[in-house]
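**Student:** One structure follows; several queries about it will come next.
4 protein chains.
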Amino acid sequence: MNINGAAITGQVRGQPITGTIESGNIEATVRFGSQMTINLRGHVRGRRIKGTATIVEQKLTLDWSARQEPQRMSAPRIHIFEPSRFHHFFRSDVAPVLRVRPGDTVETWSLDACGSDSRGVRRTIGGNPLTGPFFIEGAVPGDTLEIRLTRLKLNRDTAISSSVMTNKAIDPSYIEQRGRLADKDIAWRLDRENGFAFLDKPTKLLKSCRVKLAPMLGCVGVAPSDGMKLGSVHLGEFGGNLDYRDLGEGVTVYLPVFVPGAFLFVGDGHAAQGDGELLSNGLETSMAITFRVGLKRDAGPASPRLENSSHFMASGIGGSLEEALRRATTNLSRWLEKIYGFDPIEVSCVLGTSMTYDIAEIVNPSFHVVAKVSKTDLAAMTGDPVKSHGPGDRAVPPRFPANS
Amino acid sequence: MNINGAAITGQVRGQPITGTIESGNIEATVRFGSQMTINLRGHVRGRRIKGTATIVEQKLTLDWSARQEPQRMSAPRIHIFEPSRFHHFFRSDVAPVLRVRPGDTVETWSLDACGSDSRGVRRTIGGNPLTGPFFIEGAVPGDTLEIRLTRLKLNRDTAISSSVMTNKAIDPSYIEQRGRLADKDIAWRLDRENGFAFLDKPTKLLKSCRVKLAPMLGCVGVAPSDGMKLGSVHLGEFGGNLDYRDLGEGVTVYLPVFVPGAFLFVGDGHAAQGDGELLSNGLETSMAITFRVGLKRDAGPASPRLENSSHFMASGIGGSLEEALRRATTNLSRWLEKIYGFDPIEVSCVLGTSMTYDIAEIVNPSFHVVAKVSKTDLAAMTGDPVKSHGPGDRAVPPRFPANS
Amino acid sequence: MNINGAAITGQVRGQPITGTIESGNIEATVRFGSQMTINLRGHVRGRRIKGTATIVEQKLTLDWSARQEPQRMSAPRIHIFEPSRFHHFFRSDVAPVLRVRPGDTVETWSLDACGSDSRGVRRTIGGNPLTGPFFIEGAVPGDTLEIRLTRLKLNRDTAISSSVMTNKAIDPSYIEQRGRLADKDIAWRLDRENGFAFLDKPTKLLKSCRVKLAPMLGCVGVAPSDGMKLGSVHLGEFGGNLDYRDLGEGVTVYLPVFVPGAFLFVGDGHAAQGDGELLSNGLETSMAITFRVGLKRDAGPASPRLENSSHFMASGIGGSLEEALRRATTNLSRWLEKIYGFDPIEVSCVLGTSMTYDIAEIVNPSFHVVAKVSKTDLAAMTGDPVKSHGPGDRAVPPRFPANS
Amino acid sequence: MNINGAAITGQVRGQPITGTIESGNIEATVRFGSQMTINLRGHVRGRRIKGTATIVEQKLTLDWSARQEPQRMSAPRIHIFEPSRFHHFFRSDVAPVLRVRPGDTVETWSLDACGSDSRGVRRTIGGNPLTGPFFIEGAVPGDTLEIRLTRLKLNRDTAISSSVMTNKAIDPSYIEQRGRLADKDIAWRLDRENGFAFLDKPTKLLKSCRVKLAPMLGCVGVAPSDGMKLGSVHLGEFGGNLDYRDLGEGVTVYLPVFVPGAFLFVGDGHAAQGDGELLSNGLETSMAITFRVGLKRDAGPASPRLENSSHFMASGIGGSLEEALRRATTNLSRWLEKIYGFDPIEVSCVLGTSMTYDIAEIVNPSFHVVAKVSKTDLAAMTGDPVKSHGPGDRAVPPRFPANS
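Chains as they are written, first to last, in numbering that gives the first Met the number 0: chain A, 0 to 403; chain B, 0 to 403; chain C, 0 to 403; chain D, 0 to 403.
Here it is in structure tokens:
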């Protein structure tokens, strides 16, 4: 919100706020459609505001506090961050390891999914240990966080994967025929110079097995909505264990912010991964990571969005592939409507001729489908040069007691 | 585990443990198949054991502590518990409100889903506020908790529901035709004496609308696995927001224990609810609840099971209806195999002729399907009188870094 | 349509028709919304009309013929029909075995699913051989056919079932563990007098296995839309292999008519069946069948509906359980809106408190879910006595080149 | 089968046949595992064999005839086929339009999905009119048909598409918000020289809308199994309305043969199409088609497979996206196992690192997912040059009375 002398105007989570400020005393009202009105009263002390918030319809009065956002004075900084403790949850109830301002860059690294670092030393238990949380200064619920992966480099010469394709990818009759297989770890050697992975102990038929390296991050996520604490195999509107092969160097990830400071975590580097993450993992390895952080005030996407030099990519995450696909298409539609001003017929024309889907992964607690469209195709359809992007728009659903 | 003089034998999470104890010093080994061996070393001090646990394969050494289970001396107790604070998460990182021994009974009550009590007084924000957590003495991961709902009584004369059927239950073409409808709350009057609910402001066509009361609890759950903290609309193998119309008085719910003490929560009473919980809620109301707690040592179900005088009921919870159905059928199959000793052909014969499915709810973050079979039908098939039950058996899957 | 002297008014498939008739020459126009206009020209000769139909928008002219519907003169008849040939498809390109007028009753019988009759004699190959097709006089596309099963009686003392539960009902991990099982036929003895089925060769654990008899028809269907010919394991809006345990004596099945004469088939009797038809079949046996036929002119359901003395039941058939469920709820909603005049809020209130789902079968090429509501509950909600029913209403979707 | 003097050996649908031939009299037995034995008796007259086939277990005797396969004498022919009648079903109960020998090439053309030809003249009603059926000499059930699209050329300058994205691709909340939209046809101009399509009446925002041409066939299919007759919007193991954007020039399609002669149909050309066929169609247009036919004797794929110079592609077709995905992965796994001799671990390694999925279409009666792997990646993994392919192997499931 903007505090302009005596009058307050602006938005709180995309809803209009109006009110007055006098001698440091604030009175203001936020209306969420016809369903909820919140009266705010408070007092400014320095850069902090304290007071009460009354939800009128529910006759509930709560404590309320806010902090005036500092003006950025200083130039963007580069933080070199050496992690020493690791987390296995997306959460906001632990101390941040670093406070980062929008515009700043962080150079850090992540363990592999089993907990080992770039020298192969075990640093914690397995299961996607995460680096972070990074506290993003000024981020509040309703904002959109931008994480630009400016650099993603393999930092050792080995990786590990499973050896058996998930039962979720194959027919019951094939499971019956195949029987139960021991899922032994497979060791890979990484030839970082030439960009290939090799089986450490190849079978006869895969004697010279060579897989192209395509480093990516499995996990990029913020603290989930509503104060939840979710294990680092989970994914959702907060991002998380996205396991998408195009989440590599040069990509910008847009995530909604659910708690003040966002609480950003990264980890689970893969040297390479196919569609669907069929082995339940990729070529798991440690990773050197550099990312730059940005922040947008307008209400952002309801689900992760990604962008690189060639594509707009919108995530759909759901309990079934069809739910994930519906969410992905809707996420991309709303994004293009925001960027280009398309109406539903125009967005149908663009997606119907030019959209493709990727099935990112099928093995985590939720399915992940990505709907994407190339910027070249968009330029050919709109006659515009490649459009400058934005995180887009979302209709924030009211959060009332539902599903009870 | 049983500590018998010098030799230790027994089970830890269903796995054999062997070792020795001498002068209070313990050395023991637990083997989880061929995949994991844990060496335990420790020292007994009073009823506490402290020491280290080394995961051999991973060369990881962790702190380890345990507590000798007290012998039950006293008779079962009845606890009258008046809640004053309420929770909106299934979690284990808060202080329990009460410590309960297996065999004990708890008399308590729950708010309605919007946070109001039996006098209609708002006590907290909405969204399924929960009563608890109850710490179950002696419960450890791998155990099965039994919650027998000995009494479930409506304690006020009003209920609230939504008014619009979920979009998840209807065709897209019907959504298009229906358009967007404002979902206003509907008020119900409860005639507890005669067992009916009435619309407070009936429409002309539903002028004498009368719905049979069938009180049930929407939420019965323990703290989830792996230390997660999940909002009280969630459900899973830990139970939670099950929203099943047969979870009423007289039912016993079996839940796996994931943390020491189990951390049991109850809440979200419904005066009545149809299949699927189509309105995203039932007739939401406060409730007087009495339950008795039991505990079984053998590895229990991987998902909730329910039993009453007439039926065995097995939950399946998943991201799609088909996944939920597969889990429900599997859960019931494994249970009957455990109780009756059936082989796969016999269990096929029983389920193929006598099982029915209920679609408990489709509106929460996961789908819930119940597979059930009547005890009368089972008696007619086996020639046995109605079998004494048990929580059943489960193959505990190893918890390694997967899905990374 | 009604031909009233010079002016023609009425409906064709629910669309208005207007025109004139003079000296036996007909000129008329039917409008399907704004999308299609059909000009009809023709000449009446006796009770037949012949001429051309021009689809204006597509500049297509086709031959067109119609037959004036005979006035019913005679009293309803009872046909005793002894089948000698059997069909393995729902189709309209074979000669009907019998012409039946609305109001008439047919007494006939069906083979078991393997092709054997009431004396156990093999009469044709297996795979749901069907009795029929019965040509219903006067039935035209857009009508609703009523089939009332006035009698359904077992006519022999044996039945056959499979022995292994379908892989579609269980978890992949359970399939892995169970391995591949030979699916041998299981023989059952039927004690028709006392109403129980017994295993012919019981296992020790199922030594006195006794299953309650509940005879039903697996297959009731008409020729499918658009001239298709579908194997008798298929089901869809035309009915077909519905495999629903409540499709027994006393039920009325409502089916849309897709071809002149409807071409009704019946077969696939089950002495008993659980939910989901887990064994891929029920207790398969031959059956004595008596049904009465009715016909309604108003556009009927888009999918099968069933009614008996206690319930309204609406089928949803789809490629996934969720699609089937959405179609079932929508089908029941539209039906109740038609019968009672409910608006979407009222129908939400009724279904949200009183509807239940049955999972009829999961093993056929499509899933079948039934949404149902009891007439007693409806009477209690509306204050009316049990409502006289009707096949309901449907919005006939235009059949244009789509999905190409 | 091979008739070698007095002794008969060989295979019938992959099952061993043994017998004798003497003075033109044949006696032979085919065994389908332990489940079915067929005794054949017959007499050779010229190149025809007639007689009886007795299914021993079922005591059923049927007429049986066969035709000795002609030795190929002549060189492969090129047939120029001008279609005059068109079909709207995949079926085998109509006269073939042309008899084609394996090795022969057919030059023909198809109407657009609305029934218009290369000059825009309406030739039949819409709904994917098909060119064919082509009778493939010598094709019998169990064979694999190869259709190599040697040439696929646009033959006019216009195309038509729908204008509204399918409700199946988007969230219910987006449907609610979007409301019902009239789905008007959109006209496209095709600039065949430069390879682009343009909107005939562009909106302001899509003023210079240019879509890259990528001609493909929506429909390539044979007569379905079991004598069914399916509308030309259907797809399945017989191929059909596959609507996959990579089914273009240079691809070879492998289809199982279900009836003697296969009865091949082609049609439904698209000038371009995005993933999922979101508009329920592509840029629909007429097409000039040249294909070469091949035939393999060994039991082929259970579902369509495709191959071009760069990829192996395996179709999965099912009622849900997950079923389609499971079938696609399984189809590709079995194919690579056949071509390369991989074991399940090796195929897991290849697919887990190198497979990608395409979501071909989501709007037809079944979902279509394609699992594919590039030949370059396979060469890098196996150390072999690009492998010569084959249609692969399938385990033919027994076709007994099931799903009754």
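Every residue gets a Cβ at the ideal spot worked out from N, C-alpha and C, and that includes glycine.
Excluding five sequence neighbours on each side, which residues of the same chain lie with their C-beta closer than 7 angstroms to the C-beta of Val-362 of chain D?
**Tutor:** Counting from one through the fourth sequence, the residue named residue 362 of chain D turns up at place 363. Counting only Cβ-Cβ distances below 7 angstroms, and skipping sequence neighbours, we find Thr-165, Lys-167, Glu-276 and Ser-279.
**Student:** I'd like to know if Gly-18 of chain C contacts chain D, where contact means its C-beta is closer than 9 angstroms to some C-beta of that chain.
**Tutor:** Counting from 1 along the third sequence, the entry for residue 18 of chain C is found at position 19. For Gly-18 of chain C, the answer is no, since every Cβ of chain D falls outside 9 angstroms of its Cβ.
**Student:** Figure out for me which residue from B:Leu-377, B:Gly-238 and B:Lys-295 has the closest Cα to the Cα of Cys-348 of chain B.
**Tutor:** Walking along the second sequence from the start, residue 348 of chain B turns up at place 349. Among B:Leu-377, B:Gly-238 and B:Lys-295, the Cα nearest to that of Cys-348 of chain B is on B:Leu-377.
**Student:** What three-state label does DSSP hand Val-96 of chain C in the structure shown?
**Tutor:** For this step, residue 96 of chain C is matched to residue 97 along the third sequence. Three-state result, Val-96 of chain C: coil.
**Student:** May I have the straight-line CA-CA distance separating Arg-84 of chain C from Pro-132 of chain C, to the nearest angstrom?
**Tutor:** Here residue 84 of chain C refers to the residue found at position 85 of the third sequence. Here residue 132 of chain C refers to the residue found at position 133 of the third sequence. Straight-line Cα distance between these residues: approximately 10 angstroms.
**Student:** With a threshold of 16 other CB atoms inside 10 Å of the CB of Val-29 of chain D, please say whether the residue is buried or exposed.
**Tutor:** Your numbering for residue 29 of chain D matches position 30 in the fourth sequence. It is buried - the Cβ of Val-29 of chain D has at least 16 other Cβ atoms within 10 Å.
**Student:** Could you check if Glu-192 of chain A is buried or exposed, using at least 16 other CB atoms within 10 Å of its CB as the buried criterion?
**Tutor:** By 1-based counting over the first sequence, the position of residue 192 of chain A is 193. The residue in question, Glu-192 of chain A, is exposed, as its Cβ has fewer than 16 Cβ neighbours within 10 Å.
**Student:** In chain C, which residues lie with their C-beta within 8 angstroms of the C-beta of Pro-171 of chain A?
**Tutor:** Here residue 171 of chain A is taken as the residue at index 172 of the first sequence, counted from 1. Residues of chain C passing the Cβ test: Asn-166, Lys-167, Pro-171 and Ile-174.
**Student:** I need the straight-line Cα distance from Ile-159 of chain B to Thr-251 of chain C, nearest angstrom please.
**Tutor:** If you number the second sequence from 1, residue 159 of chain B lands on position 160. If you number the third sequence from 1, residue 251 of chain C lands on position 252. Answer to the nearest angstrom: the Cα atoms are 37 angstroms apart.
**Student:** Under 8 angstroms Cβ-Cβ, which residues of chain A neighbour Gly-351 of chain C?
**Tutor:** Counting from 1 along the third sequence, the entry for residue 351 of chain C is found at position 352. Per Cβ cutoff of 8 angstroms: no residues; Gly-351 of chain C is ~13 angstroms from chain A at best.
**Student:** According to DSSP, is Pro-171 of chain A part of a helix, a strand, or is it coil?
**Tutor:** As a working note, residue 171 of chain A is residue 172 in the first sequence. Pro-171 of chain A falls in the helix class under three-state DSSP.
**Student:** Is it the case that the Cβ atoms of Pro-101 of chain B and Ile-135 of chain B are separated by a distance below 9 angstroms?
**Tutor:** As a first step, residue 101 of chain B must be located in the second sequence, where it is residue number 102. As a first step, residue 135 of chain B must be located in the second sequence, where it is residue number 136. Against a cut-off of 9 angstroms, the Cβ pair of Ile-135 of chain B and Pro-101 of chain B comes out as a contact.
**Student:** Is it true that the CB of Phe-89 of chain A sits closer than 9 angstroms to the CB of Phe-290 of chain A?
**Tutor:** Locating residue 290 of chain A in the first sequence gives position 291, counting from the first residue. Locating residue 89 of chain A in the first sequence gives position 90, counting from the first residue. Contact: no.
**Student:** Starting from Leu-205 of chain B, find everything on chain C with Cβ-Cβ shorter than 7 angstroms and list it in chain order.
**Tutor:** The residue you call residue 205 of chain B lines up with position 206 of the second sequence. Within chain C, the residues near Leu-205 of chain B are Glu-345, Cys-348, Met-380 and Thr-381.
**Student:** For a contact meaning CB atoms closer than 8 angstroms, what does Arg-122 of chain A contact in chain C?
**Tutor:** For the purposes of this step, residue 122 of chain A is taken as the residue at position 123 of the first sequence. The contacting residues do not exist; Arg-122 of chain A stays about 32 angstroms from chain C at best.
**Student:** Can you name, in chain order, every residue of its own chain whose Cβ lies under 7 angstroms from the Cβ of Cys-208 of chain C, other than the five neighbours on each side?
**Tutor:** Translated into the one-based positions of the third sequence, residue 208 of chain C becomes position 209. The residues are Phe-197, Leu-198 and Pro-201.
**Student:** From which residue to which residue does the beta strand (DSSP E) around Met-354 of chain B run?
**Tutor:** To locate residue 354 of chain B, count along the second sequence from 1; it is residue 355. From DSSP, Met-354 of chain B is part of no beta strand (DSSP E); its letter is neither H nor E.
**Student:** Around the C-beta of Ile-288 of chain B, are 16 or more other C-beta atoms found within 10 angstroms, so that it is buried, or is it exposed?
**Tutor:** For the purposes of this step, residue 288 of chain B is identified with residue 289 of the second sequence, where counting begins at 1. Label assigned to Ile-288 of chain B: buried.
**Student:** List the endpoints of the continuous alpha helix (DSSP H) containing Glu-321 of chain A.
**Tutor:** By one-based count along the first sequence, residue 321 of chain A stands at place 322. Start and end: 320 to 339.
**Student:** With a threshold of 9 angstroms between beta carbons, is Asp-245 of chain D in contact with chain A?
**Tutor:** The residue given as residue 245 of chain D occupies position 246 in the fourth sequence. It does not: the Cβ of Asp-245 of chain D has no partner Cβ on chain A nearer than 9 angstroms.
**Student:** Could you tell me which chain A residues have their CB closer than 9 angstroms to the CB of Leu-198 of chain B, listed as they occur along the chain?
**Tutor:** Working through the second sequence from its first residue, we reach residue 198 of chain B at position 199. In chain order: nothing, as chain A lies at least about 19 angstroms away.
**Student:** Compare the beta carbon distance of Ala-261 of chain A and Leu-144 of chain A with 9 angstroms and say whether it is the shorter of the two.
**Tutor:** Taking the first residue of the first sequence as 1, we reach residue 261 of chain A at position 262. Taking the first residue of the first sequence as 1, we reach residue 144 of chain A at position 145. The answer is yes: Cβ separation under 9 angstroms.
**Student:** Counting only beta-carbon separations shorter than 9 angstroms, does Asp-357 of chain A have a partner in chain D?
**Tutor:** Taking the first residue of the first sequence as 1, we reach residue 357 of chain A at position 358. So, interface residue.
**Student:** From the DSSP output, read off the bridge partner residues of Glu-435 of chain A.
**Tutor:** Residue 435 of chain A lies beyond the range of chain A shown here (0 to 403); nothing can be said about it.
**Student:** Within the same chain, show all residues whose beta-carbon is closer than 7 angstroms to that of Pro-303 of chain B, passing over the 5 residues directly before and after it, in chain order.
**Tutor:** Against the second sequence, residue 303 of chain B aligns to sequence position 304. So the list reads Gly-238, Leu-241, Val-252, Tyr-253, Leu-254 and Ser-314, once near-sequence residues are dropped.
**Student:** Give me the Cα-Cα distance between Pro-397 of chain D and Asp-245 of chain C, rounded to the nearest whole angstrom.
**Tutor:** Numbered from its first residue, the fourth sequence carries residue 397 of chain D at position 398. Numbered from its first residue, the third sequence carries residue 245 of chain C at position 246. Because Pro-397 of chain D sits at a pLDDT of 28, beneath the cut-off of 50, its placement in the model cannot be relied upon, and the following sentence gives the value as read from the coordinates. Pro-397 of chain D and Asp-245 of chain C: Cα-Cα distance of roughly 30 angstroms.
**Student:** Where are the beta strand (DSSP E) runs, 3 residues long or more, that stay fully inside the stretch 249 to 285 of chain B, in chain order?
**Tutor:** You should have 251 to 255 and 263 to 269.
**Student:** Going by Cα to Cα distance, which pick from C:Gly-273, C:Ile-79 and C:Pro-214 is closest to Thr-328 of chain B?
**Tutor:** Taking the first residue of the second sequence as 1, we reach residue 328 of chain B at position 329. The shortest C-alpha separation from Thr-328 of chain B is found at C:Gly-273.
**Student:** Using 10 angstroms around the beta-carbon of Asn-24 of chain A, count the other beta-carbons present and answer buried if the total reaches 16, otherwise exposed.
**Tutor:** On the first sequence, residue 24 of chain A is found 25 positions in, with the first residue counted as 1. Exposed is the call here.
**Student:** Any idea what DSSP makes of Pro-384 of chain A, helix, strand or coil?
**Tutor:** Taking the first residue of the first sequence as 1, we reach residue 384 of chain A at position 385. It is coil, neither helix nor strand.
**Student:** Can you pull the chain A residues whose beta carbon is under 7 angstroms from the beta carbon of Gly-275 of chain D, in chain order?
**Tutor:** On the fourth sequence, residue 275 of chain D is found 276 positions in, with the first residue counted as 1. Within chain A, the residues near Gly-275 of chain D are Tyr-356.
**Student:** Which residue's Cα is closest to the Cα of Asp-267 of chain D: D:Thr-53, D:His-310 and D:Ser-109?
**Tutor:** Mapped onto the fourth sequence, residue 267 of chain D falls at position 268. Taking only the C-alpha atoms, the option nearest Asp-267 of chain D is D:Ser-109.
**Student:** Determine the burial state of Glu-321 of chain A: buried for a count of at least 16 other Cβ atoms within 10 Å of its Cβ, exposed for fewer.
**Tutor:** In the first sequence, residue 321 of chain A corresponds to position 322, counting from 1. By the neighbour-count rule (16 or more Cβ atoms within 10 Å), Glu-321 of chain A is buried.
**Student:** What are the start and end residues of the beta strand (DSSP E) that includes Ala-313 of chain D?
**Tutor:** Here residue 313 of chain D refers to the residue found at position 314 of the fourth sequence. 310 to 317 is the extent of the beta strand (DSSP E) around Ala-313 of chain D.
**Student:** Applying the 10 Å Cβ sphere with the 16-neighbour rule, what's the burial state of Ser-365 of chain C?
**Tutor:** If you number the third sequence from 1, residue 365 of chain C lands on position 366. Buried.
**Student:** Could you tell me which chain D residues have their CB closer than 8 angstroms to the CB of Leu-97 of chain C, listed as they occur along the chain?
**Tutor:** Sequence index remark: in the third sequence, residue 97 of chain C carries index 98 (1-based). Result: empty, since nearest Cβ-Cβ is about 23 angstroms, beyond 8 angstroms.
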